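To start, the structure itself, in structure tokens.
Protein chains in written order, with the numbering used here: chain H, 1 to 221; chain F, 222 to 474.
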């Protein structure tokens, strides 16, 4: 327990204090949402129609783009070797790192999303559902990303490959998350999509650390 | 005699070399007969005209697109459990074939869809899942070519194949949820077996057999190439080691 909190604390401090950690993902989220109206035109009705999908897509990309830092820096300076020798199982370590990634990338997105939803003319009823769906979905994105990060950790230019590997895995989460918000915006029941999203995230949280730890063991061999 | 005997590359090369001509011949025979019968020996559909005959390529390609991934999953697990290199190389060999089968499915589907549905592409669940499958193939192939160490590459792609299989299936059902949720349009599926008349059934079966044989032939061929490439690499490394003077000897000279 002490080891776990030490690792988590280290991850959080690193993310917050080293430049371009947590804040950068948030800035990326803002910029993507800013760019969308330039692509589609400023018509409020059209923006209202695409708001759920846009917000979810921007959040997903912001989560994904910071993934290559998840294991890469620790792998390069040898910290990962030392961490893998700690009494903590590697699966636990992966889960903690993914949790830290979510706390510094996913959680800020959940909090900022309603502000940006106003600019995209999302109906007021859907705001709570937007936050709920992002809060339930983005942890899954961080944990899935840990698999991609672990698989590509030894590669010198793994960044683009990481996107190609991880983004297809995000499809179910994106579908259920965006659907929940869209249902709420249209005035239909968002619960079916939201419960499926929660189930999916729990499934990912339970199994992804094992896949990611297996990949890390291969890369540390 | 156990089947694992053929996990030995030498045994595999011997057996596959002996089987390859037979499989190639059977493939040509089945495809020529099936496609010939299908294209020229079946009547035009009363609604779809001659367009219906694209089914003789579309359906077998779609079957093989999915089964190629399934084969990769099985061989990846064999690699994980028993560490047979031939198994990992067979998975690597099958991936581009599966990707091309997926592309053939999508393209023939588009060619059929344009006159029938009036559109080349619709975000129908079935079409979308094949699109997703194609992306999974791309990621798998990209990961293989990105890692230098062959054993590490085999391990990591096996993990990706396992995770990808789970998410390919999940995506398939999620896509049904998504498309029905967006528009309760009519289902565009036409693959119900009971829809296919006997006149189409037998040539279709022959074409499917031809595609299965084609897949086996190509996988054998490509696995043999991979084994030879691996052998070549080993020889080159050995030569390079022999050619380079050992540090001690260089010092003496």
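Glycine residues also receive a C-beta, built at the ideal position from the N, C-alpha and C atoms.
What you are looking at is a predicted structure, and each value in this text was computed from that prediction instead of being measured.
What is the residue span of the alpha helix (DSSP H) that residue 235 of chain F lies within? Counted from its first residue, the second chain places residue 235 of chain F at position 14. Taken as a continuous stretch (DSSP letters only), the alpha helix (DSSP H) holding residue 235 of chain F covers 230 to 261.
What did DSSP end up calling residue 125 of chain H once you bin it into helix, strand or coil? Position 125 of the first chain, counted from the start, is the residue given in the question as residue 125 of chain H. In this structure, residue 125 of chain H counts as helix in the three-state DSSP scheme.
Residue 10 of chain H: contacting residues in chain F (beta-carbon distance under 7 Å): Numbered from its first residue, the first chain carries residue 10 of chain H at position 10. The premise fails here: residue 10 of chain H is roughly 26 Å from chain F at the closest Cβ pair, so nothing lies under 7 Å.
Name the DSSP beta bridge partners of residue 25 of chain H, please? Position 25 of the first chain holds residue 25 of chain H. DSSP output for residue 25 of chain H lists no bridge partner at all.
Would you call the stretch 236 to 243 of chain F and the stretch 419 to 428 of chain F touching, i.e. three or more CB-CB distances under 8 Å? No contact exists between the stretch 236 to 243 of chain F and the stretch 419 to 428 of chain F.
Alpha helix (DSSP H) containing residue 44 of chain H: first to last residue? For this step, residue 44 of chain H is matched to residue 44 along the first chain. Segment 44 to 65, the alpha helix (DSSP H) holding residue 44 of chain H.
From residue 369 of chain F to residue 158 of chain H, what distance separates their C-alpha atoms? Position 148 of the second chain, counted from the first residue, corresponds to residue 369 of chain F. Position 158 of the first chain, counted from the first residue, corresponds to residue 158 of chain H. If you take the alpha carbons of residue 369 of chain F and residue 158 of chain H, they lie about 13 Å apart.
So what does DSSP say about residue 409 of chain F, is it helix, strand or coil? The residue you call residue 409 of chain F lines up with position 188 of the second chain. Per-residue confidence for residue 409 of chain F stands at a pLDDT of 43, beneath the threshold of 50, marking its modelled position as unreliable; the derived number appears in the next sentence. Reduced to three states, the DSSP call for residue 409 of chain F is coil.
Residue 374 of chain F and residue 364 of chain F: beta carbons closer than 9 Å? Against the second chain, residue 374 of chain F aligns to sequence position 153. Against the second chain, residue 364 of chain F aligns to sequence position 143. Contact: yes.
Return the residue from the list H:152, H:148, H:142, H:111 that minimises the CA-CA distance to residue 367 of chain F. Numbered from its first residue, the second chain carries residue 367 of chain F at position 146. Per the Cα distances, H:152.
Starting from the N-terminal side, write out each stretch of the beta strand (DSSP E) that is 3 residues or longer and does not extend beyond the stretch 153 to 197 of chain H. Runs found: none.
With 8 Å as the limit, tell me which residues of the stretch 270 to 295 of chain F have their beta carbon closer than that to any beta carbon of chain H; keep them in chain order. From the stretch 270 to 295 of chain F, no residue has a Cβ closer than 8 Å to chain H.
Interface flag, residue 392 of chain F vs chain H, CB-CB below 9 Å: Position 171 of the second chain, counted from the start, is the residue given in the question as residue 392 of chain F. Judged by the 9 Å Cβ criterion, residue 392 of chain F is in contact with chain H.
Please look up how many angstroms separate the CB atoms of residue 143 of chain H and residue 98 of chain H, rounded, as I've assumed it's under 8 Å. In the first chain, residue 143 of chain H corresponds to position 143, counting from 1. In the first chain, residue 98 of chain H corresponds to position 98, counting from 1. Going by Cβ atoms, the distance from residue 143 of chain H to residue 98 of chain H rounds to 5 Å, so yes, they are a contact pair.
9 Å Cβ cutoff met for residue 79 of chain H and residue 139 of chain H: Along the first chain, read from residue 1 onward, the residue named residue 79 of chain H stands at position 79. Along the first chain, read from residue 1 onward, the residue named residue 139 of chain H stands at position 139. No. Outside cutoff.
C-alpha distance - residue 404 of chain F paired with residue 46 of chain H, whole-angstrom precision: Here residue 404 of chain F is taken as the residue at index 183 of the second chain, counted from 1. Here residue 46 of chain H is taken as the residue at index 46 of the first chain, counted from 1. Caution is warranted here: a pLDDT of 41 is assigned to residue 404 of chain F, below 50, making its placement in the model unreliable, and the coordinate value is therefore given only provisionally. Residue 404 of chain F and residue 46 of chain H have their C-alpha atoms roughly 17 Å apart.
So, residue 51 of chain H versus residue 120 of chain H, is the Cβ gap smaller than 9 Å? Taking the first residue of the first chain as 1, we reach residue 51 of chain H at position 51. Taking the first residue of the first chain as 1, we reach residue 120 of chain H at position 120. Taking the C-beta atoms as reference points, residue 120 of chain H is found nearer than 9 Å to residue 51 of chain H.
What do you get for residue 261 of chain F, buried or exposed, if any count of 16 or more other CB atoms within 10 angstroms of its CB means buried? Indexing the second chain from 1 puts residue 261 of chain F at position 40. The residue in question, residue 261 of chain F, is exposed, as its Cβ has fewer than 16 Cβ neighbours within 10 Å.
Between the beta-carbon of residue 344 of chain F and the beta-carbon of residue 334 of chain F, is there less than 9 Å? As a position in the second chain, residue 344 of chain F is number 123, starting the count at 1. As a position in the second chain, residue 334 of chain F is number 113, starting the count at 1. No, Cβ-Cβ distance for residue 344 of chain F and residue 334 of chain F is not below 9 Å.
Name the chain F residues whose beta carbon is nearer than 8 Å to that of residue 143 of chain H? Reading the first chain from its first residue, position 143 is the one you call residue 143 of chain H. For residue 143 of chain H, there are no C-beta contacts with chain F under 8 Å, since the nearest C-beta of that chain is about 12 Å from it.
Would you call the stretch 319 to 327 of chain F in contact with the stretch 111 to 130 of chain H, where contact means no fewer than 3 C-beta pairs closer than 8 Å? No, because fewer than three Cβ pairs between the stretch 319 to 327 of chain F and the stretch 111 to 130 of chain H fall closer than 8 Å, the two stretches do not touch.
Below 8 Å on the Cβ atoms is my guess for residue 223 of chain H versus residue 148 of chain H; work out the distance and round it to an integer in Å. With chain H covering 1 to 221 only, the question about residue 223 of chain H has no answer from this structure.
Which residue marks the beginning of the alpha helix (DSSP H) containing residue 305 of chain F, and which one marks its end? Residue mapping note: residue 305 of chain F aligns to position 84 of the second chain, counting from 1. Looking at the DSSP string, residue 305 of chain F is not in any alpha helix (DSSP H), and its letter there is neither H nor E.
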